[in-house]
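Have a look at the structure below before the remarks.
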Amino acid sequence: MAYLIAKSKAESFEQLKGLIASFDKEYSVLKSAQYSEAQLRIDFLNPLLKTFGWDVDNEESKTQFLRNVIQEESIDVEEDDTITKKNPDYTLRVQGTRKLFVEAKKVSIEIEKSSKTSFQTRRYGWNANLGISILTNFERLIVYDCRHKPQSMDDPKIARYKNFHYTEFLNEFETIYQLFSFQSVSSGYLDDYFSVTENDTITFDDFFLKQIEGWRTRLAADVILNNIDFSEEDINFLIQRLLNRIVFLRICEDREIEKYETLKAIKTYDELKDLFIQSDKKYNSGLFDFIEDNFTLKIVLNSNTLISIFNELYYPESPYDFAVVDPTILSQIYERYLGSKITIVSPTEISIVEEPEVAASSGVVPTPKLVVENIVKETLNVLFDGKNLEQIEQLKIADICCGSGTFLISVYDYLLETFTLAFLDAGITDNEVIYQTASGSFNLTLKAKHTFLLNNIFGVDINPYAVEVTKFSLLLKLIEHENAASVNYYLTKYQQKVLPSLSENIKNGNSLVDDTYFKFDKGAIADDEKLFKIKPFNWLSEFPFLKETKGFDAIVGNPPYVRIQNMVKYLREEIKYYQDKSSGYIVAQEETFDKYYLFIQRAIELLNTNGVLGYIVPNKFFIVKGGKTLRSYITTNGSLNRIVHFGVSQVFPNRSTYTAVLLLDKKQRDVFGFKRVRKIVTEFVAGQIGYAEYNNADYTDKPWIFVSKETEEVFSKIKSQNVIALKNIAEIPVGLQTSADKIYIIEPESETDSTYKFTKLKVQYEVEKAICKPCIYDLTFGLFDTVKPNAQMIFPYNIVDDKAEVLSEQIFQSEFPLAWEYLNKFKDLLSKRSINGSKEPKWYQFGRSQSLTKFHNAPKLIWSVLSTKPGYAYDQMNIQFTGGGNGPYYSLISSSQYSPLYILGILCHPVFEAMVKAGASEFQGAYYSHGKQFIENIPIKEIDFGKKDEKQKHDEIAKTVQQLIASKASYKSVYIDAKKAVLKRKHDYLFGSLVEQVNALYCITEADVTTVMNDEMFIAEINEE
């Protein structure tokens, strides 16, 4: 029977039947020791992979970088009584990205009982940071959960997720298909299901990070104990270099460039220094440079410290196999590692302290590898389009906030693939440039990889340790796929050291601060300590080729997201410079901005006229007022090329950061591509992105709203009528701002005629009713609800002629002694608040003076700022609430003849709610903001109250809304299901009538409503954890 690549689940099932029947028929022969693993792969395992949709033989003629299945020769090697292999038998990939390994054994091996084979399978999967790996001899198919760190003596049942006997394959087909089929794997099932680390698991990256952090602590403690006169900067530099050298050499061992267990054989620091000196003769690159590093060879280190670290790098103390570890994973581990540093507590004590900026943002979270790869691919695809090989060789690509080098590794990977395919397409077979491997694939030579690394890749970072790690990461990528033979050939052939120096490519400096800083701060030239911190960076001096190229050809990366509050706190000197006009930062001239604004402007400035920028940044600036200058700068100084909007899908694990990928360039183009991604793995990472086209001319400094052309036509039709902006007929005030809600807001447990009794911090208090106002606090309500207070607010003011006057201390104490006594218990806390709006503030007044009289005898709408649908409620009871610009509540008070009920009737219409959502900030759980800036410009149909027919339309809508409010109250007051059903139908009828009235008012058709509701923008989000 010929086995084809199954294209459907039904085909898979039928082919599997035949394969099982063949195996069962020949079972006794297959089970013999003479039946080899190699033959099993041909007869059964290759067909099994095809049965589940995997293109084993590359029938689709994909390039070597995109093949779905990579097969390796099976070469067993005995190591300490444990069988290992140089490579997994099968690597299953999607779009060139590893998804799982499949290890093969011959049928005669009882793999379900073999600790050696299970350890080997788990070891590969764990080191590669994969969710699962599969061990099979066809008789059994065993799935291992690779989030569990393997130990050599583990029972084979440890971390065993599933164990299928071939006689169970058909009954368990659905489960096997989900775990193993190309269709399921490419849909992101494994990424979703096995991405979360459970309590009893530890992935490779978490374990290795924990180890290198431990090594750093032990080495630093040893250095400070046995050496003197080290500054914090010295000791951080020293330990970073030591760890880089040790890890590099250990990786070279697993890649068979160095002899295995070379490090493990070392017993003293003198022996390690000798190894470093020998390595310098072989590798160079700055990694083993003892001219720049003039104190590593002079220090004293305890031998036991080194021996313990080296032992932890090898089996059996650790299951490392760096041959399958992706350099990007190592780079991301180091990025997290760089979030803290060594500090000297005393002459004999050190501590590891998180960087303040990192602590403020809750730690470092690297950009996921798959997202990095796709940003780089999207950016460089645009850049490389239409260019020949010679032109590509001249391109200069940079990351100006390179961190640990994750983006630059991906750029390098993309370049190596591009050059390999370009050479093959051009018929270039010069073995000084490209060669064919034993497996039939093609690799660039070490010499060629040197050339492209030095010619094409550049980076800058303000953190000197990040610069070291970036260099280290790129060098690891350089030696990927190399072995002792290729390294020795290079040394002999070219009489050059193996690794190039990257000192002219990756530099330490402040990408955002240039020589204009010396004009801004004339005293800086004499203040070296300040310069060490700020690190002004002259781009033309550091990268002289920019004078000729007029800029970089591409810039990629993930710039830091630092809000202005944290910049003021941690970067006080810098932020003054950014806000000064001499800096040239247009995007910093708003009251509110973020550090990534500056990186976008600087990156655009550094691009040449044909350059492309690819960044992942928060998408909030698309629509908020504070993003106006950045929107203006982008659309004035370049153009949008593509935007990938992630909506509420979370790119960064354990973060609530709402992001988008921006591709910008300086070409004048009529249209740009836009894609709203709901599921990252399947829509962004896998395959090509389908972009919708939008007109660049429509995107200026105004909020960037992305709806379909059909929806935009509906919105435009509404706006073209006789309308007025909501803000012109109504106020949308924030709530009262006490700056201490937990103190001023009380929840009475009982009351007397004149007082409320309540508990705070387990202490009972009593205050006068006359100083309190009814309020809502942490209350949930919905559309058409009549709001009722659930708390009381202590209000230390008198309202006189619509003005709020804070009570004098004398009146407060004499008329409200209980409240005075209560607040005095918290005087220290209240006195620490920043109080605005008063020349001589009293410690007990509210933190802000806004809205103190807004809700005095004025009917209003109240709603929660964050909600998944319209939630406007009505209040006529002067209920108070708290809240600033971000809520939790907002209100609306009519400042004209327009009834708030009329306004409510329009705001709750689905098309107008869609207008709000289209321009609002979004949050997980399908929530979006109903803040003032997203509500105030809703077009309200203008009414000429002197015309009877127009006033009648206004009044009828207000009346219907009043009926809906009453209907909602009736519905909530009954508990019998039959009555509820009747009232629900009544309410639905009234709401339908309201929609028809608003439709008629604005000439909205049912087709218009359907168009808007079917817009991709308004379909409920798919949350992706």
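Following the UniProt record's numbering from start to finish, the sequence shown increments by one per residue and tops out at 1025. By construction, the Cβ of each residue, glycine as well, lies at the ideal position given by its N, Cα and C atoms.
One thing to note: LEU287 has its Cβ within 8 Å of the Cβ of PHE248. With respect to the C-alpha of GLU357, the residue from ILE729, VAL300 and GLN565 having the closest C-alpha is GLN565. LEU736 is bridged by DSSP to THR882. PHE846 carries a coil assignment under DSSP once its states are collapsed to helix, strand and coil. Taking 4 residues as the minimum length, the alpha helix (DSSP H) runs contained wholly in the stretch 576–611 are 595–606, in order along the chain. PRO900 counts as buried, since no fewer than 16 other beta carbons sit within 10 angstroms of its beta carbon. In summary, ILE799 is exposed, with fewer than 16 beta-carbon neighbours lying within 10 Å of its beta-carbon over all protein chains present. Setting aside the 5 residues that flank it on each side, GLY883 is surrounded in the same chain by VAL734, GLY735 and TYR889, each with a C-beta closer than 6 Å to its C-beta; the list follows chain order. Under the 8 Å Cβ criterion, the stretch 123–138 counts as touching the stretch 321–338, having at least three qualifying pairs. Contact annotation, PHE599 with CYS401: C-beta distance approximately 6 Å; criterion of less than 8 Å satisfied.
Annotation: PRO464 is outside any beta strand (DSSP E); the continuous alpha helix (DSSP H) that includes it extends over 464–478. Residue ranges of uninterrupted beta strand (DSSP E) with 3 or more members, entirely inside the stretch 378–463 and ordered along the chain, are 397–399, 434–436, 442–444 and 457–461. DSSP, reduced to helix, strand and coil, places CYS772 within a strand of the structure shown. For PRO500, the closest of ASP701, ASP289 and GLU548 by C-alpha to C-alpha distance is ASP289.
Among the bridge pairs identified by DSSP, ARG93 is matched with ARG98.
In the structure shown, the three-state DSSP call for VAL556 is strand. In this structure, the beta-carbon distance from PHE207 to LYS149 falls below 8 Å. Taking a contact as a CB-CB distance under 8 Å, the pair ASN538 and ASP553 does not count as one, their CB atoms being some 20 Å apart. Under the three-pair Cβ rule at 8 Å, the stretch 815–830 does not count as touching the stretch 994–1007. Within a 10 Å sphere around the beta-carbon of ASN836 sit fewer than 16 other beta-carbons, which makes this residue exposed. Leaving aside the five residues that flank ARG41 on each side, the residues in its chain whose CB is nearer than 6 Å to its CB run, in chain order, ALA104. When C-alpha distances from ARG642 are compared across PRO618, ARG678, ASN696 and ILE623, the shortest belongs to ASN696.
DSSP places LEU994 in the helix class (H, G or I) of the three-state scheme. When the five nearest sequence neighbours on each side are left out, the beta carbons in the same chain lying within less than 8 Å of the beta carbon of LEU421 are those of THR63 and PHE65, in order along the chain. A contact is defined here as three or more CB-CB pairs under 8 Å, and the stretch 590–605 meets this definition with respect to the stretch 621–633.
For PRO939, the enclosing beta strand (DSSP E) begins and ends at 939–941. Your pair ILE132 and PHE194 checks out as a contact, with CB atoms roughly 6 Å apart and the cut at 8 Å.
Where GLN71 is concerned, the enclosing beta strand (DSSP E) starts and stops at 69–71.
PRO156 counts as buried, since no fewer than 16 other beta carbons sit within 10 angstroms of its beta carbon. Boundaries of the alpha helix (DSSP H) around GLN810: 809–815.
The C-alpha of GLU378 lies about 14 Å from the C-alpha of GLU683. Excluding residues up to 5 positions away in sequence, TRP843 lie with their Cβ nearer than 7 Å to the Cβ of LYS827 in the same chain. For the 8 Å CB-CB criterion, GLY557 and VAL469 do not form a contact. Per DSSP, reduced to three states, the secondary structure at ARG160 is strand.
About 33 Å separates the CB atoms of ILE935 and LEU613; that is not less than 8 Å, and the two are not in contact.
Counting along the chain, no alpha helix (DSSP H) covers HIS645; the unbroken beta strand (DSSP E) around it starts and ends at 639–645.
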